[in-house]
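Peer 1: The structure under discussion is supplied below as structure tokens; questions concerning it will follow.
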Amino acid sequence: MLLDKVDRIVDQYLPKEFVRIGAFLFLLYLVYQVFRFVKFLVYYLLPGKNLKRCYGEWAMVTGATDGIGLGYAKRLAARKINVVLVGRSQEKLDNCEKEIKEKYHVDVRTVCFDMSQSTEELKQVLVPIFEKIPIGILVNNVGISYEYAMFLTELPEDRLRTIIHLNCEVTAMVTKMCVPGMIERKRGAIVNVSSAAGIMACGDPLYDIYSASKGFVDLFSRSLATELKNKHIVVECHAPYFVPSKLSKIRHASLMCPPADVYAEASLEKIGRGPTTVVPYLGHQLQHFLYHSLPYPVLQMFMMMHHMDIRKRALKKRAMKKD
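Letter 236 of the sequence shown, counting from 1, is numbered 223 in our numbering, and no numbers are missing.
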């Protein structure tokens, strides 16, 4: 009965040609969504490229002694790719070198340097490395965040400058030093590790400078990817959500917060296979989809409430330590 009434209304007020065009456009939309879903499944479920064959036998990982950086180093070594580890603690570098050599039987070089130092000193240390070793994969992972969630007016100026220096300037400078060799060899892959904070629609309130610095990594990667496309060099920005690490201050892994090596494996599987900016781990991508399905004001409110709660707990912990 109701359908008959609808049919009569459609026949009375809408030309048949209009209905046909509307149905055709709706069908195209459904086909497009099915295509996107299939593409999504292929991207996340099929195995990645043979990185050693595509980009060479050597990789460099900055910030390689903990967390995601160490995860990258191990998973690259598991692919029989030799690694150059860059970190600021020689003791940690030595331990990582020993572990990787014993487990994966690859060549490991270490570079002990505090990247918060000047870029001139950085150039003196790394330029000779890039001249001697054919780095085919560069993972720019080094970075720093806030000690805890805080308002911009509370952020110490030295911390502000260090965040911008490490997350922006160092990423750009290390890439600049590495690119000439890749151009000469006509192949290479650069993975710039950003953060969900850098690609979130509303940014990351109470982590303003960190969020902006990771947004720089995203735009830098997209611009450089276009610039180097005809040079056969892949440039990608990989944005994780939470992973247990010193940076995130999370201790325990879960489905939505994977161990560093699990995240690194997902990231390496995506190199050279998709868009420039990606959320490589499936659990993180689901979070990203859910967050960006929210109306913008709701997302803003949720992020602010979440970070205010983080701030409250951090201040409480600091107060207990003082007592």
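A virtual CB, placed ideally from N, CA and C, is assigned to each residue, including glycine. Just so you know, these numbers come straight off a predicted model, no measurement behind them.
1) Whose C-beta lies closer than 8 Å to the C-beta of Trp118 among residues of the same chain, with five residues either side of it excluded?
2) So is Ser232 buried or exposed if we call it buried at 16+ other beta carbons inside 10 Å?
3) Where does Ala240 sit, in a helix, a strand or coil, going by DSSP?
4) Return the chain-ordered list of same chain residues with a C-beta closer than 6 Å to the C-beta of Lys257, the five sequence neighbours on each side being excluded.
5) In angstroms, rounded to a whole number, what distance separates the CA positions of Leu12 and Ser76?
6) Please name the residue, chosen from Thr97, Ala159, Val112, that lies closest to Gly130 on a Cα-to-Cα basis.
7) Measure the Cβ-Cβ separation of Leu269 and Tyr31 and say whether it is below 8 Å.
8) To which residues does DSSP link Arg332 through a beta bridge?
9) Measure the C-alpha to C-alpha separation of Leu277 and Leu302 and round it to an integer number of angstroms.
10) Any chance the segment 79 to 87 sits against the segment 107 to 125, with 3 or more Cβ pairs inside 8 Å?
11) Could you give the C-beta distance for Leu211 and Leu38, rounded to a whole number, given that I count them as a contact under 8 Å?
12) Hey, could you find the ends of the beta strand (DSSP E) Cys224 is sitting in?
13) Considering only DSSP beta bridges, list what Ala188 is partnered with.
14) By a C-beta neighbour count over all protein chains shown, 10 Å radius and 16 as the cutoff for buried, is Phe24 buried or exposed?
15) According to DSSP, simplified to helix, strand and coil, what is Asn82?
16) Can you tell which of Tyr16, Ala10, Ala306, Tyr59 has its C-alpha closest to the C-alpha of Val230?
17) Can you grab the Cα-Cα spacing for the pair Glu134 / Arg238, in whole Å?
18) Can you look up Ile193 in the DSSP assignment and give me helix, strand or coil?
19) Can you tell me where the alpha helix (DSSP H) holding Thr52 begins and where it ends?
20) Does the contact criterion of 3 or more C-beta pairs under 8 Å hold for the segment 141 to 156 versus the segment 120 to 127?
21) Would Val71 and Met102 qualify as a contact pair, given that the criterion is a beta-carbon distance under 8 Å?
22) Throw me the rounded Cβ distance for the Ser181 and Asp205 pair, which I believe falls under 8 Å.
23) Considering only C-alpha positions, which residue in the set Ser208, Arg7, Arg305, Ala51 is nearest to Ala247?
24) Between the Cα of His275 and those of Val178, His293, Tyr228, Tyr91, spot the shortest distance and give me the residue it belongs to.
25) Exposed or buried, Ile186, counting other C-beta atoms within 10 Å across all chains shown (16 or more means buried)?
26) Would you mind working out which of Met164, Asn217, Pro245, Pro121 sits nearest Arg172, comparing C-alpha positions?
27) Let me know the secondary structure DSSP gives Ile258 once reduced to three states.
28) Whole angstroms is fine: what's the gap from Tyr16's alpha carbon to Thr49's?
Peer 2: Based on what the coordinates show:
1) Going by the sequence as given, residue 118 is Glu instead of Trp. If we look at Glu118 and ignore the five residues flanking it on each side, its Cβ neighbours are Gly168.
2) buried
3) coil
4) Val265, Pro267
5) 60 Å
6) Ala159
7) yes
8) Residue 332 is absent from the structure shown; the chain starts at -12 and stops at 310.
9) 29 Å
10) no
11) That belief does not hold up - the Cβ atoms of Leu211 and Leu38 are roughly 19 Å apart, past 8 Å.
12) 220 to 225
13) None; Ala188 has no bridge partner.
14) exposed
15) helix
16) Tyr59
17) 16 Å
18) Sequence check: residue 193 is Leu here, not Ile. Three-state result, Leu193: coil.
19) Thr52 -> no alpha helix (DSSP H), and no H or E assigned at all.
20) no
21) no
22) 5 Å
23) Ala51
24) Tyr228
25) buried
26) Pro121
27) coil
28) 43 Å
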